[in-house]
Every structure is written in structure tokens, then in C-alpha cells.
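Undergrad: Starting off with a structure, shown below.
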Amino acid sequence: MDVPLARRTCQTRPMSTAMSTATGTATGTGGTVCSAGPAETARREALVTGEAVLLDLRPASFAMRILSFAIDGLVSLALLVGGIWSLAMLARSASLDEGYLAAGSVLITAFALLGIPVLAETVSGGRSLGRWAVGTRVVRDDGGPVHVRQSILRAVSALFEIWTVSGTLALAIALVDARSRRLGDLLAGTFVLQERLRTPAPTQVEVPGHLTAWARGADVGRLPPTLLQEIRTFLARSSSLHARSRRDLALDLVQRVVPSVSPPPPPGTDPEAFLQAVLAERSRRDEELLRSRRERELELARQVGTLPFSS
1 MDVPLARRTC
11 QTRPMSTAMS
21 TATGTATGTG
31 GTVCSAGPAE
41 TARREALVTG
51 EAVLLDLRPA
61 SFAMRILSFA
71 IDGLVSLALL
81 VGGIWSLAML
91 ARSASLDEGY
101 LAAGSVLITA
111 FALLGIPVLA
121 ETVSGGRSLG
131 RWAVGTRVVR
141 DDGGPVHVRQ
151 SILRAVSALF
161 EIWTVSGTLA
171 LAIALVDARS
181 RRLGDLLAGT
191 FVLQERLRTP
201 APTQVEVPGH
211 LTAWARGADV
221 GRLPPTLLQE
231 IRTFLARSSS
241 LHARSRRDLA
251 LDLVQRVVPS
261 VSPPPPPGTD
271 PEAFLQAVLA
281 ERSRRDEELL
291 RSRRERELEL
301 ARQVGTLPFS
311 S
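Residue numbers for the sequence shown follow the UniProt record's numbering, beginning at 1 and rising by one.
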């Protein structure tokens, strides 16, 4: 999510102008090197399920949650106002007792503010009209689908933290929570997941000319996919970053990449050029591996489909 501040581990140290090949660390002109937290890498969270499956999750931003609730709130209010008006018209025409009118009003209010949210989440697997519009979904803290009891707890909590106090309590709690969860989410053990993400246009990364020879002989196969994705994200948005933040993030990434790359880059290598070379070379090798594997599969399929001793 976008509201909570990014958590970064910072350390101030003296740095030189070159990349140290003896220690395998990146150095600069001096300053603060910060370790980027999850909020700086598209705010994704790695979650391992009980079946040992790694899930890459992205909690919904605070703005998306407000927008989805605004849509759902308008729907609930429309049903509430329409139901009360219809009941009033029925009471006037049928001369209903005030007790029936009060009971009907309570039932309509409960259905609009409690029944609709619970029914929508249960039937659609954690979605509602507003969440469908913004591409979010309510899931358990372990990434699984929500249960009815969790939906009921969230809806009951919303009566107090949203409808009764005009959303101030939900706003205050969501602002300090790392995943922008409100009180109902904390009690129910749920959070809102961002499902619909904009896919960035693919960009072709090339190895800088002066690092071509080094990249051809370097071992970059040990780099984990998550770190490669962080490098790709950084290079894609580096031009929009402040100069100092750009340098600090580049140095932080280099310090995490160098232990998985052998041999180290030549002395004096620019950190961003090193990251670009590593990403480009790893992408090239992965593409060649996939291409050769595809060719072998096609050749095997051709041989299987060919009759023995046929010309």
C-alpha cells in the first residue's frame, strides 16, 4: 500500500568513488546507504503457505480501499434509503402499526449495512462491487479465502469504526498499519489484496559496452528471481528518482548482488552499469535456455510423430 512509510535500514559509512573488488562491496563518495524495504519494491510481500508454496502478494493501497468503500457505501446507502422509503409508502397505504414500521426499519438497516457486505464477500470470494471496480479482494492473513465468520466480524466492526464515527477510527488504524488494515481486518485476521496490477511495458536491457567481456564470463546464475525483479524495477524507475535516493538504492542493490556474482566487476565500475550488465546477461542466458528447451521439445515431438524407417 502507498500510505505507510517505507521501512529502511540505514547505515552511514565512508565511501570511495569506485566499486571495491577486494571486499565485494559497492562504495561511493560518502553518505548514507539504506536497505530498501518492501514498501520500496512495489510493496509486495512473500508468504509461504502450509503447502510450501511461495506467494507474492501486494496489499491494496489506502487510496484503493477508500475508493472501493465509497462505491460499496453508496450502494448500501441507496438500498437503505430505498428500503426505508418503500416501507414508509407501504405503511401509509396499509396503515401499519408503528411497531411493525420500527421492526421493518431495523431489518432493512441490518440487511443494507450487514447483510449485503457479508453476502457479497461470501458469494464472490472476498469481493464486492467496489472491490471489483478497483481490482481488490479480501483474503485471510495466510492468503486463503475468507470465511463467513470473518466477513460477519468485518461487517459488524464496520458499523462502529466506519458508520458510527464517520470512518475516523478506521482511518487512524489504517494509517499506522503496515498493510492499511482497519480494526475489522485485525480482529478477523484478514487484509485486502491488490489483484489487478498495471503491467509495465517490457524494456530491453543491454549490457554496457565496456562490461561485455566481463558479463560473458561472469556467473550470474545464482541470483534469486526476487532480487532480479528488484533490479528490473529500480532500473525502470531510476530516471524519476532523486539523485541521492537513486545512488543509495543502487549501492544497496549492488551490495546484495555482488555475493551472488563471480568474478566481481572491474574496478571503477558504475553501480548502475553493473546492475544493468547483470540483469541483461541473466535475461539473455534465460532466453537462450528457454529457446533451446523449446527446440528440444519440438524435435522430440517430431521424432515421436515420425514412423520408424520412414524417409
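Every residue gets a Cβ at the ideal spot worked out from N, C-alpha and C, and that includes glycine.
CA-CA distance, Ser124 and Arg131?
TA: Approximately 10 Å, taken between the alpha carbons.
Undergrad: Going by beta-carbon coordinates alone, are Ser260 and Leu223 separated by less than 9 Å?
TA: A contact, by the Cβ cut-off of 9 Å.
Undergrad: Below 8 Å CB to CB, which residues in the same chain sit around Leu241 once its five sequence neighbours on both sides are set aside?
TA: Cβ neighbours of Leu241 beyond the five flanking positions: Leu249.
Undergrad: In chain order, what are the residue ranges of uninterrupted alpha helix (DSSP H) at least 4 long that sit wholly in the region 46-133?
TA: Entirely contained in the region 46-133, the alpha helix (DSSP H) runs reaching 4 residues are, in chain order, 62-94, 98-110 and 116-124.
Undergrad: Taking Cβ to Cβ, would you say Arg182 is nearer than 9 Å to Ala155?
TA: No, these two residues do not count as a Cβ contact at 9 Å.
Undergrad: Give me the residue from Glu299, Gln229, Asp270 and Pro264 with the minimum Cα distance to Arg247.
TA: Checked all of Glu299, Gln229, Asp270 and Pro264; the closest Cα to Arg247 is Asp270.
Undergrad: Measure the CB-CB distance between Val192 and Ser68 and report whether it falls below 9 Å.
TA: Yes.
Undergrad: Is it true that the region 204-216 meets the region 167-187, where meeting means three or more beta-carbon pairs spaced less than 8 Å apart?
TA: No, they do not touch.
Undergrad: CA-CA distance, Val278 and Arg65?
TA: The straight-line gap from Cα to Cα measures roughly 38 Å.
Undergrad: Label Ser86 either buried or exposed according to how many other C-beta atoms from any shown protein chain fall within 10 Å of its C-beta, with 16 as the threshold for buried.
TA: Exposed is the call here.
Undergrad: Please report how far the alpha carbon of Ile116 lies from the alpha carbon of Ala91, in whole angstroms.
TA: So the alpha carbons of these two residues sit roughly 24 Å apart.
Undergrad: Any chance the region 107-121 sits against the region 70-88, with 3 or more Cβ pairs inside 8 Å?
TA: Judged by Cβ distances under 8 Å, the region 107-121 makes contact with the region 70-88, as three or more pairs qualify.
Undergrad: Can you list, in chain order, the residues of its chain whose CB lies under 7 Å from that of Asp141, leaving out five sequence neighbours each side?
TA: Here the set comprises Gly189, Thr190 and Phe191.
Undergrad: Rounded to the nearest angstrom, what separates Gln303 and Glu295 at their Cα positions?
TA: So the two alpha carbons sit approximately 12 Å from each other.
Undergrad: Would Leu289 be called buried (16 or more neighbouring beta carbons within 10 Å of its own) or exposed?
TA: When all chains shown are included, Leu289 counts as exposed.
Undergrad: Classify Asp142 as helix, strand or coil using the three-state DSSP reduction.
TA: The answer is coil: DSSP assigns Asp142 none of H, G, I, E or B.
Undergrad: Got a sec, what are the start and stop residues for the beta strand (DSSP E) Ala192 sits in?
TA: First, the amino acid is wrong: residue 192 is Val here, not Ala. Residues Thr190 to Gln194.
Undergrad: Can you give me the C-alpha to C-alpha distance between Ala102 and Ser95, rounded to a whole angstrom?
TA: One C-alpha to the other measures close to 13 Å.
Undergrad: Taking all protein chains shown into account, do 16 or more other C-beta atoms lie within 10 angstroms of the C-beta of Thr12, making it buried, or fewer, making it exposed?
TA: Note that Thr12 scores 36 on pLDDT, short of 50, meaning its location in the model is unreliable and no value can be drawn from it.
Undergrad: Any idea if residue 316 is buried or exposed, counting beta-carbon neighbours within 10 angstroms, 16 or more meaning buried?
TA: Given that the chain is displayed from residue 1 to residue 311, the structure contains no residue 316 and the question cannot be resolved.
Undergrad: In the DSSP assignment, find the alpha helix (DSSP H) that holds Leu223 and state where it starts and stops.
TA: Looking at the DSSP string, Leu223 is not in any alpha helix (DSSP H), and its letter there is neither H nor E.
Undergrad: For Val138, does the count of other Cβ atoms within 10 angstroms reach 16, so buried, or fall short, so exposed?
TA: Its Cβ being crowded by 16 or more others within 10 Å, Val138 is buried.
Undergrad: Using the Cα positions of Gly221 and Ala63, report the straight-line distance between them to the nearest angstrom.
TA: Approximately 39 Å between the Cα atoms of the pair.
Undergrad: Find out if the Cβ-Cβ distance for the pair Pro59, Gln194 is shorter than 9 Å.
TA: Yes, Cβ-Cβ distance for Pro59 and Gln194 is below 9 Å.
Undergrad: Should Arg291 go down as buried or exposed, given a rule of 16 or more other Cβ atoms within 10 Å for buried?
TA: Label assigned to Arg291: exposed.
Undergrad: Can you grab the Cα-Cα spacing for the pair Ile84 / Arg127, in whole Å?
TA: Ile84 and Arg127: Cα-Cα distance of roughly 26 Å.
Undergrad: Using a 10 Å radius around the Cβ and a threshold of 16 neighbouring Cβ atoms, would you call Leu107 buried or exposed?
TA: Per the 10 Å Cβ criterion, exposed.
Undergrad: Determine the closest residue to Asp286 out of Thr233, Met89 and Pro225, with distance taken between C-alpha atoms.
TA: Selected option, being the one with the closest Cα: Pro225.
Undergrad: Taking the alpha carbon of Gln150 as the point to measure from, which residue in Ala174, Glu121 and Leu197 has its own alpha carbon closest?
TA: Looking at the Cα atoms, Glu121 is the closest of the given residues.
Undergrad: Quick one, are the C-beta atoms of Arg216 and Glu281 less than 9 Å apart?
TA: Yes, they are a contact pair.
Undergrad: Do you know offhand how far Thr306's Cα is from Glu299's?
TA: Thr306 and Glu299: Cα-Cα distance of roughly 11 Å.
Undergrad: Does Val176 pass the burial test, meaning 16 or more other C-beta atoms within 10 Å, or should it be called exposed?
TA: Exposed, by the Cβ-count rule.
Undergrad: On the DSSP bridge assignment, give the partners of Thr136 in chain order.
TA: Gln194.
Undergrad: Starting from Ala243, trace the alpha helix (DSSP H) in both directions and tell me its first and last residue.
TA: First-last of the alpha helix (DSSP H) with Ala243: Ala243 to Val257.
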